[in-house]
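To start, the structure under review is shown below, and the notes come after it.
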Amino acid sequence: MAVIKTNWNGDIKGFGKVETEHLDAKIAVATKSGGTGEGATPKELLASSAASCYIITLMYAIEARTISVVDVQMDTEIKELENKAFEFIHYPKITLPENADKKDFEEVNRLFEIADRGCTIGKLLKKADVSIRIQGEVNS
Numbered sequence: 005m006a007v008i009k010t011n012w013n014g015d016i017k018g019f020g021k022v023e024t025e026h027l028d029a030k031i032a033v034a035t036k037s038g039g040t041g042e043g044a045t046p047k048e049l050l051a052s053s054a055a056s057c058y059i060i061t062l063m064y065a066i067e068a069r070t071i072s073v074v075d076v077q078m079d080t081e082i083k084e085l086e087n088k089a090f091e092f093i094h095y096p097k098i099t100l101p102e103n104a105d106k107k108d109f110e111e112v113n114r115l116f117e118i119a120d121r122g123c124t125i126g127k128l129l130k131k132a133d134v135s136i137r138i139q140g141e142v143n144s
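If you want it as structure tokens, here you go:
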């Protein structure tokens, strides 16, 4: 069972902390909401959860197909939409070895969508009408 410890110091311009066995993150109210902005916001923590779930699911899929990779990087953008809605856009970038063939490139491109469908956090967010898009890139 995971335990998440949270504390807060001060008023709205204060700060807090979220801790788990493997996470130690400072949290704060965003400056546009009257806070200091000197810590992660709930939306950033949610996007981080979605991003980590996606990249871990992608790595499971790559490993299951025994595809060699040189490097894996990913940025996730939080895009503000109308009516206070938002979407997450994942930008995974996979670098394959120089000797990778066309089949490896095609398979990794296919795995971007497979990982999106397999990520449990992403599936939960989509049920809550959060848009998640994938814009993957593969190179060698």
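In the working numbering, the protein residues as written are 5 to 144.
All C-beta atoms, glycine included, are put in the ideal place defined by N, C-alpha and C.
Fair warning: this is a prediction, and the values are worked out from it, not measured in the lab.
Residue pairing by DSSP puts lysine 97 in a beta bridge opposite Gln77, Glu141.
As computed with DSSP, alanine 29 is found in a beta bridge with Val22. A check of alpha carbon separations from serine 53 across Leu129, Ser144, Asp133, Ile138 identifies Leu129 as the nearest. Comparing alpha carbon positions, the residue from Pro101, Ala104, Thr24 closest to methionine 5 is Thr24. Between the beta-carbon of valine 22 and that of alanine 32 there is about 11 Å, and that puts the pair past the 8 Å contact cut. Asparagine 103 carries a coil assignment under DSSP once its states are collapsed to helix, strand and coil.
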